[in-house]
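Everything below concerns the one structure shown next.
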Amino acid sequence: MFVVTIDQRRSRSSADRVPALLDALGGVPVAAAFERTAGDEVQGLLDDPAAVRAALLVALRDGEWHCGVGVGDVDDESVASGTRAGRGAAYIAARSAVDAAKGLPGSVAIRVADDPGSQDERTSATAWAADCEAVWALVAPLVLGRTEAQWRVVDAVDRSPTQVAAAEELGIAPASVTGALRLSRIREERAAYPALDRLLAGAHAAALADRSGEHPAAAARGTGRTDRERGESGR
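Quick look at the structure:
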């Protein structure tokens with residue numbers, strides 16, 4: 001399982017952004033819904049790497065959050081009782097992750113609570129998590145640096161059948177749409193989605209390898225689905 005903990009930046013000097021974030025996260029598939037857990041903090045329980053990615057992208061787009069992902073087990077009551085009452089290794093890892101995220105430029109950290117200590121460091125849970133975090137360090141600045149004008153173009157293209165239709169909706173030239181997409185680097189961002197999903201799946205598989213007996217790389221290949229395979233829009 002994956003626990004995502006999201007903590008507001010500069011909360012003491014800023015307005016409460018939690019209600020708006022919870023609304024924005026409403027479309028993300030979860031095992032237990034995102035909810036306010038303490039003051040300016042939001043937490044959710046997820047069981048799919050692609051959903052974790054979607055949640056992090058929502059928070060990054062807003063630009064006012066530190067994001068931590070904890071990978072591992074949770075107790076049997078976590079789904080039924082909600083994340084506020086949840087317990088387990090993934091929750092501990094998520095706390096460590098969100099604290100670590102506060103010191104990272106991209107504000108995204110991935111942590112595992114119980115690494116089985118694979119003899120092959122390339123397949124250890126910690127290694128998978130570190131690789132996933134490294135890709136997020138490349139992706140997050142693309143999201144954080146996107147302007148509102150570029151987002152308007154990206155959103156219009158996502159909901160339009162063609163870029164020409166998006167240009168007509170926005171009242172701008174098709175060449176302006178093409179230029180905004182290029183500057184937004186949305187294609188580069190989305191090209192990284194499959195890698196993010198596979199690496200997070202690999203961290204989860206490696207963390208549970210001591211019980212499942214499955215090689216983590218095999219589990220990652222089976223779990224890290226692309227947007228096309230899931231029928232997602234990639235937004």
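Quick note on UniProt numbering: the sequence shown kicks off at 1 and runs consecutively. Ideal Cβ positions, reconstructed from N, Cα and C, are used throughout, including at glycine. Every value quoted in this text rests on a predicted model; they were computed, and no experiment measured them.
For I172, no beta strand (DSSP E) run applies, since DSSP gives it neither H nor E. Cα atoms of H204 and A175: separation of roughly 43 Å, rounded to the nearest angstrom.
Counted as a single uninterrupted DSSP element, the alpha helix (DSSP H) harbouring L21 occupies residues 18-24. Bounds of the beta strand (DSSP E) holding D7 are 2-8. With contacts defined by Cβ atoms closer than 7 Å, G68 and V98 form a contacting pair.
Ranked by how close their Cα comes to the Cα of G179, the residues G202, E35, R152, R198 have R152 in first place. Taking C-alpha positions only, S124 is separated from A207 by approximately 8 Å. Selection E188, W128, A94 evaluated against V139 yields E188 as nearest (Cα-Cα). Taking the C-beta atoms as reference points, V74 is found no nearer than 7 Å to A55. Straight across, the Cα-Cα distance linking D7 with A156 is about 29 Å.
Here E64 carries a coil assignment [DSSP, helix/strand/coil]. The beta carbon of R53 sits closer than 7 Å to the beta carbons of Y193, L196, D197 from its chain, once the five residues preceding and following it are set aside; these are given in chain order. Under DSSP, I186 forms no beta bridge with any residue. The alpha carbon of L21 has as its nearest neighbour, out of V42, V3, P29, the alpha carbon of V42.
If you keep only unbroken alpha helix (DSSP H) runs of at least 4 residues inside the segment 70-149, you get 78-81, 89-101, 125-144. G44 sits in a strand when the DSSP states are folded into three classes. If you compare the alpha carbons of L46, A101, D47 with that of A137, the shortest gap goes to A101.
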